[in-house]
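A short write-up of the structure that comes next.
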Amino acid sequence: MITGTVIIATEICKGCELCIASCPQNSLALSSSINRKGYRYAELVLDNCTGCINCALVCPDSAITVYRQAKPAKRASSPSLSAQTA
Amino acid sequence: METKIDSMELVYAKPETLTDTPMHYCPGCGHGVAHKILMEVIDEMGITENTIGVAPVGCSVFAYMYMNVDMQEAAHGRASAAATGIKRVLPDKFVFSYQGDGDLAAIGTAETIHTVNRGENILMVFINNGIYGMTGGQMAPTSLAGMKTSTSPYGRDCATMGTPIKMTELIANLPGAYYVTRQSVHTPAAVRKLKKAIKASFEAQKQKKGTCFIEIVSNCPSGWKMTPLESNDWMEKNMFPYYTPGDIKVPQEMK
Chain A
2 MITGTVIIAT EICKGCELCI ASCPQNSLAL SSSINRKGYR YAELVLDNCT
52 GCINCALVCP DSAITVYRQA KPAKRASSPS LSAQTA
Chain B
390 METKIDSMEL VYAKPETLTD TPMHYCPGCG HGVAHKILME VIDEMGITEN
440 TIGVAPVGCS VFAYMYMNVD MQEAAHGRAS AAATGIKRVL PDKFVFSYQG
490 DGDLAAIGTA ETIHTVNRGE NILMVFINNG IYGMTGGQMA PTSLAGMKTS
540 TSPYGRDCAT MGTPIKMTEL IANLPGAYYV TRQSVHTPAA VRKLKKAIKA
590 SFEAQKQKKG TCFIEIVSNC PSGWKMTPLE SNDWMEKNMF PYYTPGDIKV
640 PQEMK
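In structure tokens, the structure reads:
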């Protein structure tokens with residue numbers, strides 16, 4: 002399972018909830034506190050984020066940055082290749 | 390929630406060509422996504438220094454504050470005319486106009502039709518939300534039949550007010566139009582499709598093929614008096630049957 006995470010700029014978020022509706026994992030929810038503009042902002046509430054970037058694509062205020070775990074290097078091919086070159 | 394990002398790789402961030410200025414748009418407005426995707430394509434193609442945009446009058450009048458490319462503000466409806474002038478003086482630059490429906494389909498109808506008819510080598514981005522959002526939700530030429538707005542409180546009566554204008558279909562009939570498409574920005578899949586369309590348009594502009602025209606059917610939560618999620622649902626149920634997303638004119642070599 003590939004895991005990811007999102008960083009949300011909470012002061013920019015306007016709480017439109019489009020990211021929450023687009024998240025296939027239901028990892029996002031509105032906060033109970035408000036930001037300086039008076040909006041409830043989106044936040045990550047579950048740790049099942051896969052880093053699919055759906056939330057970031059539909060965010061009108063570009064408040065979401067997405068990180069994803071790097072794919073593990075293929076073990077089967079790389080050692081034999083390095084053995085051949087060595 | 391505490392998460393470790395040190396071991397992870399960055400997969401998506403705000404495009405560099407979009408400034409850090411917080412946008413003035415209402416929560417959930419499609420303008421923000423349209424700006425972002427346009428700038429993302431410009432970023433990816435590496436043409437930030439060679440792009441000139443023309444901002445309209447309407448909600449997106451401050452587009453030049455968010456788009457970190459050379460911008461020019463045009464008089465109401467005349468963005469395509471201004472873009473024509475810019476492109477003719479600087480033919481090697483990438484030029485786009487960004488207009489709403491009150492701008493492009495109402496006061497700027499003449500400029501729009503003649504720009505496309507001349508086949509000016511520019512990209513025209515047309516945001517259609519069926520309403521004059523900036524001035525308080527008045528009826529626009531693109532408002533749907535029966536749609537309640539502040540100037541048509543009993544719904545648009547097509548007998549006296551005419552039928553909603555399908556600008557994109559109109560434009561597609563003109564020989565100067567190279568690529569004409571209708572997209573939306575309400576779901577991740579729609580956003581990805583729009584990105585492809587914008588990229589194709591800039592590629593066509595590089596090859597001097599003619600006018601590319603992209604209509605983006607968008608929502609207006611404040612003007613329609615709905616929450617952002619409700620407005621997207623309403624758009625799918627009511628706008629899409631009339632303004633159906635999809636390519637309207639695709640040249641042979643792009644198929």
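These protein sequence lines are chains A and B, in that order. The first sequence begins at 2 in the numbering used here and counts up by one. The second sequence begins at 390 in the numbering used here and counts up by one. Here a beta-carbon is modelled for each residue, glycine too, at the ideal position from N, C-alpha and C.
Contact check, residue i vs residue j, beta carbons under 7 Å
i                        : j                        : result
methionine 456 (chain B) : methionine 434 (chain B) : no
lysine 482 (chain B)     : asparagine 510 (chain B) : no
valine 7 (chain A)       : proline 577 (chain B)    : no
leucine 563 (chain B)    : glutamine 572 (chain B)  : no
proline 61 (chain A)     : cysteine 418 (chain B)   : yes
alanine 423 (chain B)    : isoleucine 605 (chain B) : yes
cysteine 24 (chain A)    : tyrosine 42 (chain A)    : no
proline 445 (chain B)    : alanine 464 (chain B)    : no
asparagine 55 (chain A)  : glutamine 26 (chain A)   : no
Same chain, Cβ closer than 6 Å to residue i, five either side skipped, listed in chain order
i                        : result
aspartate 459 (chain B)  : Ile441
glycine 421 (chain B)    : Met412 and Tyr414
aspartate 490 (chain B)  : Asn517, Ala529 and Thr531
serine 611 (chain B)     : Cys415
isoleucine 621 (chain B) : The residue you asked about is not isoleucine; residue 621 (chain B) is asparagine in the sequence shown. These residues qualify, in order along the chain: His575 and Asn608.
Between the CA atoms of residue j and residue i - distance to the nearest angstrom
i                        : j                       : result
alanine 87 (chain A)     : alanine 593 (chain B)   : Low local confidence applies: a pLDDT of 45 at alanine 87 (chain A) is under 50, so the model's placement there is unreliable, with the coordinate-based value given in what follows. So the alpha carbons of these two residues sit roughly 48 Å apart.
cysteine 609 (chain B)   : proline 73 (chain A)    : 44 Å
glycine 497 (chain B)    : valine 67 (chain A)     : 40 Å
valine 505 (chain B)     : alanine 472 (chain B)   : 12 Å
threonine 524 (chain B)  : threonine 549 (chain B) : 23 Å
valine 580 (chain B)     : glycine 466 (chain B)   : 26 Å
leucine 559 (chain B)    : leucine 512 (chain B)   : 16 Å
methionine 397 (chain B) : threonine 4 (chain A)   : 9 Å
leucine 45 (chain A)     : proline 530 (chain B)   : 41 Å
glycine 447 (chain B)    : alanine 10 (chain A)    : 27 Å
serine 81 (chain A)      : methionine 2 (chain A)  : At serine 81 (chain A), the pLDDT of 48 sits below 50, so the modelled position is not reliable; the number obtained from the coordinates is stated separately. Each residue's Cα considered, the two are about 26 Å apart.
valine 484 (chain B)     : valine 443 (chain B)    : 8 Å
threonine 570 (chain B)  : serine 486 (chain B)    : 15 Å
Residue closest to residue i, alpha-carbon to alpha-carbon, out of the options
i                       : options                                   : result
threonine 51 (chain A)  : A:Ser28, A:Cys17, A:Gly16 and A:Ile21     : A:Ser28
threonine 406 (chain B) : B:Thr531, B:Ile637, B:Ser611 and B:Thr437 : B:Thr437
arginine 625 (chain B)  : B:His575, B:Pro445, B:Ala464 and B:Glu558 : Contrary to the premise, residue 625 (chain B) reads as glutamate rather than arginine in this sequence. The shortest C-alpha separation from glutamate 625 (chain B) is found at B:His575.
threonine 410 (chain B) : B:Leu399, B:Cys448 and B:Tyr453           : B:Tyr453
threonine 540 (chain B) : B:Tyr521, B:Asn621 and B:Phe515           : B:Tyr521
alanine 64 (chain A)    : B:Lys555, B:Ser449, B:Lys425 and B:Ala470 : B:Lys425
glycine 526 (chain B)   : B:Ile394, B:Trp613 and B:Ala494           : B:Trp613
Close-in-space but distant-in-sequence residues of the same chain around residue i (CB under 8 Å, 5 per side omitted)
i                        : result
methionine 643 (chain B) : Tyr568, Ala589 and Ala593
leucine 533 (chain B)    : Gly519, Arg545, Pro553, Asn627, Met628 and Tyr631
Contacts around residue i, its chain only, beta-carbon distance under 7 Å, and the 5 residues preceding and following it disregarded
i                        : result
arginine 507 (chain B)   : Gly565
methionine 615 (chain B) : Trp623
valine 400 (chain B)     : none
glycine 535 (chain B)    : Gly544 and Arg545
valine 430 (chain B)     : Lys584, Ile587, Lys588 and Phe591
arginine 37 (chain A)    : Glu12
serine 32 (chain A)      : Arg41, Tyr42 and Glu44
Jot down the residue ranges of each uninterrupted alpha helix (DSSP H) in the region 392-448 of chain B, minimum 4 residues, whole runs only, in chain order.
List check, alpha helix (DSSP H) in window: 419-434.
Identify each residue in the region 45-57 of chain A for which the Cβ-Cβ distance to at least one residue of chain E is less than 9 Å, and report them in chain order.
In the structure shown, chain E cannot be found, because the protein chains are A and B.
Could you pull out every unbroken beta strand (DSSP E) segment of at least 3 residues lying fully inside the region 13-58 of chain A, listed in chain order?
The beta strand (DSSP E) runs lying completely inside the region 13-58 of chain A and spanning 3 residues or more are 29-35 and 41-45, given in chain order.
Restricting to runs no shorter than 4 residues, where is the alpha helix (DSSP H) found entirely within the region 549-609 of chain B?
Runs found: 556-561 and 577-595.
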